[in-house]
Amino acid sequence: MAKKFTQGKFPFVGGLVQKYAKKYPQNQFNNGSVYLFADEFTNYNEVDLGKKAVLLLNELGFGIKIPHGVISGRSYLSKGMLIEAKK
Amino acid sequence: MSTRHVLSFPENQEVELLPTGCCGMAGSFGYERKHYKISQQIANLVLFPRVLAAKDSVIIASNGTSCRHQLKDGIERTGLHTVEIMYDSLAQKTFKS
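Going down the list, the sequences are from chains A and B.
The opening position of the first sequence corresponds to residue 27 in the numbering used here, with each subsequent residue numbered one higher.
The opening position of the second sequence corresponds to residue 4 in the numbering used here, with each subsequent residue numbered one higher.
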């Protein structure tokens with residue numbers, strides 16, 4: 027187990043919301059598309075919540091698009107680093 | 004459209020907004036050892052007593068990740084994100100028969 031971490035790779039806990047959304051075609055919903063900002067916290071800490079967001083929006087007739095590589099800046103915000111967070 | 008407004012959409016679901024102020028976590032602040040005591044003091048002002056006084060059947064809505072952690076760790080109550088509450092409500096409606 028220790029060896030895995032020292033190699034610089036972190037094991038995935040769960041999966042990315044993006045991967046989950048790809049299982050269902052997102053371009054065939056009546057109400058069009060919405061952008062879902064699944065950030066690093068959603069993807070790595072609370073992926074089930076992200077998945078529920080996809081399911082909920084799909085049920086309501088919206089396809090979802092997840093912008094790639096979104097970093098939310100939440101970590102910066104929580105430390106008061108507002109300028110960095112804005113970037 | 005506020006969270007409170009959205010949460011009132013499901014039939015027979017009433018929303019009460021608790022005047023709790025900060026839960027004591029302030030993002031990552033409350034996870035740090037040196038801030039533990041003050042984060043608990045803040046939570047005990049309004050949040051913990053009010054939530055403890057609520058029946059188990061009452062859903063505690065909390066959009067903040069760390070806020071939900073505070074509830075779970077502090078008083079063993081589960082807070083749910085608006086997305087979860089809405090999804091569960093929709094699922095019940097869809098599959099109810």
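C-beta: ideal position from N, C-alpha, C; glycine also.
Within chain A, no residue has its beta carbon less than 8 Å from that of Met4(B); the closest one is some 14 Å off. Boundaries of the alpha helix (DSSP H) around Gly77(B): Thr68 to Ile78. Interface annotation, Ser104(A): in contact with chain B, CB-CB separation under 8 Å.
With respect to Gly27(B), Gly33(B) sits close: the two C-beta atoms are nearer than 8 Å. Inter-residue distance for Arg80(B) and Val61(B) is about 11 Å (C-alpha atoms, whole angstroms). At least one CB atom of chain B sits nearer than 8 Å to the CB of Glu85(A). The Cβ of Phe67(A) sits closer than 8 Å to at least one Cβ of chain B. Residue environment: Ala56(B) is assigned as exposed (fewer than 16 neighbouring CB atoms within 10 Å of its CB, all protein chains considered).
Under a criterion of Cβ atoms nearer than 9 Å, no residue of chain B is adjacent to Glu110(A); the nearest Cβ is some 14 Å distant. Against chain B, a Cβ distance below 7 Å from Leu82(A) picks out Val86, Met89, Tyr90 and Leu93. For Thr81(B), no chain A residue has a Cβ inside 9 Å of its Cβ, as the nearest lies near 13 Å away. A distance below 8 Å separates the beta carbons of Leu75(A) and His84(B). Cα atoms of Ser42(B) and Leu42(A): separation of roughly 31 Å, rounded to the nearest angstrom. In the structure shown, Leu83(B) adopts extended strand secondary structure according to DSSP, grouped into three states. Per DSSP, reduced to three states, the secondary structure at Lys91(A) is strand. Per DSSP, reduced to three states, the secondary structure at Val18(B) is coil, with no helix or strand assignment. Rounded to whole angstroms, the Cβ separation of Tyr90(B) and Leu103(A) is 27 Å, and the two are not in contact under 8 Å. According to DSSP, residue pairing for Val60(A) in a beta bridge involves Ile90(A).
Using a CB distance below 8 Å, the part of the region 12-37 of chain B facing chain A consists of Ala29, Gly30, Ser31 and Phe32, ordered along the chain.
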